[in-house]
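Quick note, the sequence shown lines up with residues 158 to 457 if you use the working numbering.
For every residue, glycine included, the Cβ atom is placed at its ideal position computed from N, Cα and C.
Reviewing the structure listed below.
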Amino acid sequence: MRNDKLLNYLHLHFIVFIWGFTAVLGALITLEAIPLVWYRMLLATLIIFVFLKFRKENLKFSLKTLGGFALAGIIIALHWLTFFGAIKASNVSVTLAVLSTGAFFTSILEPLFYKRKIIIYEVLFGLVVIVGLYIIFDVETSYNLGIVLALISAFLSALFSVINGKFVLKHKASAISFYELMFGVLGITIYLAFAGKFTSDFFTVSAHDWIYLLILASVCTAYAFIASIHVMKWISPYTVMLTINMEPVYGIILALIVLGDSENMSPQFYYGAAIILLTVIANGFIKIRQERKRRRLSNT
158 MRNDKLLNYL HLHFIVFIWG FTAVLGALIT LEAIPLVWYR MLLATLIIFV
208 FLKFRKENLK FSLKTLGGFA LAGIIIALHW LTFFGAIKAS NVSVTLAVLS
258 TGAFFTSILE PLFYKRKIII YEVLFGLVVI VGLYIIFDVE TSYNLGIVLA
308 LISAFLSALF SVINGKFVLK HKASAISFYE LMFGVLGITI YLAFAGKFTS
358 DFFTVSAHDW IYLLILASVC TAYAFIASIH VMKWISPYTV MLTINMEPVY
408 GIILALIVLG DSENMSPQFY YGAAIILLTV IANGFIKIRQ ERKRRRLSNT
């Protein structure tokens with residue numbers, strides 16, 4: 158059991174590394190946030206559908222369950238829209254640094270969904286994260302819109318993680334992923350149809366963008382989406398969200414390598430980002446120590 162948990166934790170880190178690369182792809186793709194997310198979710202839905210048909214997975218669920226999947230699908234769609242919107246409005250480094258606040262949002266949401274007490278030190282760490290955010294806000298005023306969008310994206314990511322923590326206890330990750338992505342892209346499609354956004358320009362995508370979109374949809378979405386939900390059978394939503402906060406580290410390093418000068422920020426930005434990331438790491442160490450203490454007490 159311990160080995161299973163370790164392997165799934167390492168798997169989760171690999172998934173988070175892929176998500177770090179997702180931000181870089183979002184910067185490389187020239188499409189705006191809405192068409193980018195629409196193409197991403199549509200392609201990923203088709204890929205997972207083929208996978209499910211090949212595996213002959215059961216896709217029959219009650220209306221109540223499908224309603225839950227639909228809600229989660231809309232939430233993840235909004236998360237990606239604000240995520241890529243933040244990248245377009247600022248850059249990868251700013252977006253990923255602010256996305257680290259997801260652990261703070263989860264520390265508030267998880268007690269509500271799982272009916273456990275709010276842990277005081279998690280809230281205190283959340284306040285320290287806010288200090289880090291203030292430093293970033295104070296020095297990167299030209300990126301305020303991107304910072305706000307990234308904050309909204311972080312909250313939606315935390316909400317999505319907590320909701321899926323309940324779904325995965327009863328249903329297969331692949332089926333959950335298919336329906337959530339399908340309902341998400343359906344929601345965006347309805348909006349685009351009513352807003353009259355389906356124009357010839359919308360369907361004009363360069364070969365360069367198609368290559369990045371296929372990588373984004375297959376590796377960074379279809380595979381990573383199913384795998385991230387699957388590991389939640391062994392790992393709690395808070396731990397998942399905590400690990401996801403390594404995404405800025407991977408993503409910022411990749412962005413500096415791939416995108417170069419456009420990702421260079423002021424020293425104050427890195428101070429603020431360091432406060433956020435160090436807080437997340439400290440929280441992780443406390444979680445590990447508490448888990449070890451619980452195991453020792455249970456074995457005595």
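Please state if the CB of residue j and the CB of residue i are separated by a distance shorter than 8 Å.
i: residue 433; j: residue 286; result: yes
i: residue 333; j: residue 321; result: yes
i: residue 429; j: residue 293; result: yes
i: residue 303; j: residue 229; result: no
i: residue 324; j: residue 205; result: no
i: residue 362; j: residue 188; result: yes
i: residue 181; j: residue 388; result: no
i: residue 370; j: residue 185; result: no
Comparing alpha-carbon positions, which option in the options lies nearest residue i?
i: residue 359; options: 165, 180, 196; result: 196
i: residue 409; options: 223, 255, 219, 203; result: 255
i: residue 208; options: 189, 412, 380; result: 380
i: residue 403; options: 274, 291, 258, 354; result: 258
Taking the C-alpha atoms as reference points, what is the distance between residue i and residue j?
i: residue 183; j: residue 339; result: 21 Å
i: residue 267; j: residue 166; result: 20 Å
i: residue 202; j: residue 215; result: 16 Å
i: residue 377; j: residue 337; result: 16 Å
i: residue 299; j: residue 190; result: 19 Å
i: residue 152; j: residue 330; result: For residue 152 there is no data in the structure shown, the boundaries of the chain being 158 and 457.
i: residue 272; j: residue 368; result: 44 Å
i: residue 193; j: residue 164; result: 33 Å
i: residue 219; j: residue 373; result: 31 Å
i: residue 454; j: residue 392; result: 21 Å
Would you call residue i buried or exposed, if buried means 16 or more other Cβ atoms sit within 10 Å of its Cβ?
i: residue 314; result: buried
i: residue 236; result: buried
i: residue 518; result: Since the first and last residues shown for the chain are 158 and 457, residue 518 lies out of range.
i: residue 262; result: buried
i: residue 232; result: buried
i: residue 177; result: buried
i: residue 345; result: buried
i: residue 102; result: Outside the modelled stretch of the chain, which goes from 158 to 457, sits residue 102, for which no answer is possible.
i: residue 240; result: buried
In the DSSP assignment, find the unbroken alpha helix (DSSP H) run with residue i in it and report its ends.
i: residue 388; result: 381–388
i: residue 221; result: 220–246
i: residue 250; result: 249–256
i: residue 213; result: From DSSP, residue 213 is part of no alpha helix (DSSP H); its letter is neither H nor E.
i: residue 411; result: 404–416
i: residue 323; result: 301–324
i: residue 337; result: 330–352
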